[in-house]
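The structure appears below as structure tokens.
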Amino acid sequence: MRKLFLKLFLLFPVYFIAQERWALDTESSYINYDADHFLHAWSGTNNSVKGIITGNKNKFQKIAIAMLVRDFDSKNSNRDNNALEILEVLKFPKIEFFSDEMEMNNNKLIINGEMNFHGIGIKKIIEADINFKNNKLILSGNFKMLLSDFKVTRPSFMMKKMDDLIILSYKLHFTKL
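Take any residue in the sequence shown, note its place counting from 1, add 51, and you have its number in the working numbering.
If you want it as structure tokens, here you go:
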């Protein structure tokens, strides 16, 4: 028993050294969406993203990102209020992404996870550019999403629905805890 305790005691710090935790710096991070209708295009930004990633410069193990739908701002309050109604924000207030499958490939982090939006979880592979600058970990990139995959009823104007495709771009700054 004493040997088992000694082994656990010696391995315990090594496990946590390998499992560094990095918290998302909300002040300098954002997620942006671009949407389209045949009459015009627009974008919205969420500057209140929360998240954490575990691992070190050589291997990351887990990432969790969350945000509130109501925090997206398109600079048009009428459009934003309409979006909140369409997205049923009272029933589905959050957008979440979680992964425990990540692989480093040069300066890219390939993240195989699940995105939860509008009450539906979908497997998603997201490729992120990875940088280390001033003791920060910075993930950036973009990916595509179809509203129909999440059973979102697309609004229409002049008898034409908005495009199904949404492009999301992000820049996430993490600081080591």
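A virtual CB, placed ideally from N, CA and C, is assigned to each residue, including glycine.
In this structure, the straight-line span from the alpha carbon of THR105 to that of PHE89 is close to 42 Å. At least 8 Å separates the beta-carbon of ILE173 from that of ILE161.
Apart from sequence neighbours up to five positions away, the residues of its chain that approach LEU138 with a beta-carbon distance below 7 Å are VAL120, HIS169 and VAL203, ordered along the chain. Secondary structure remark: continuous alpha helix (DSSP H) runs of at least 4 residues inside the stretch 183 to 214: none found. In the three-state scheme derived from DSSP, where H, G and I count as helix and E and B as strand, ASN132 is classed as helix. Rounded to the nearest whole angstrom, the CA to CA distance from ASN132 to MET196 is 21 Å. In the three-state scheme derived from DSSP, where H, G and I count as helix and E and B as strand, GLU178 is classed as strand.
Listed as beta-bridge partners of ILE137 by DSSP are no residues whatsoever.
The beta-carbon separation of ALA74 and PHE225, rounded to 6 Å, stays under the 8 Å limit for a contact. Beta-bridge annotation (DSSP): ARG72 is paired with THR105. A residue is called buried once 16 or more other Cβ atoms fall within 10 Å of its Cβ, and ASN186, having fewer, is exposed. Exclusion of the five residues before and after ILE82 leaves ASN97, VAL100 and TYR221 as the residues of its chain whose Cβ lies within less than 6 Å of its Cβ. Comparing alpha carbon positions, the residue from LYS211, LYS159, ALA86 and MET213 closest to ILE189 is LYS159.
When rounded, the separation of the alpha-carbon atoms in TRP93 and MET210 is 19 Å. Counted as a single uninterrupted DSSP element, the beta strand (DSSP E) harbouring ASN97 occupies residues 91 to 97.
Straight-line spacing of the CA atoms in ASP151 and ARG130 works out to 35 Å. A buried status is given to ILE146, since no fewer than 16 other beta-carbon atoms sit within 10 Å of its beta-carbon. HIS91 is the residue among HIS91, SER79, TYR84 and ILE114 whose C-alpha sits nearest the C-alpha of PHE208. Ranking LEU228, MET166 and LEU141 by CA distance to the CA of PHE194 puts MET166 first.
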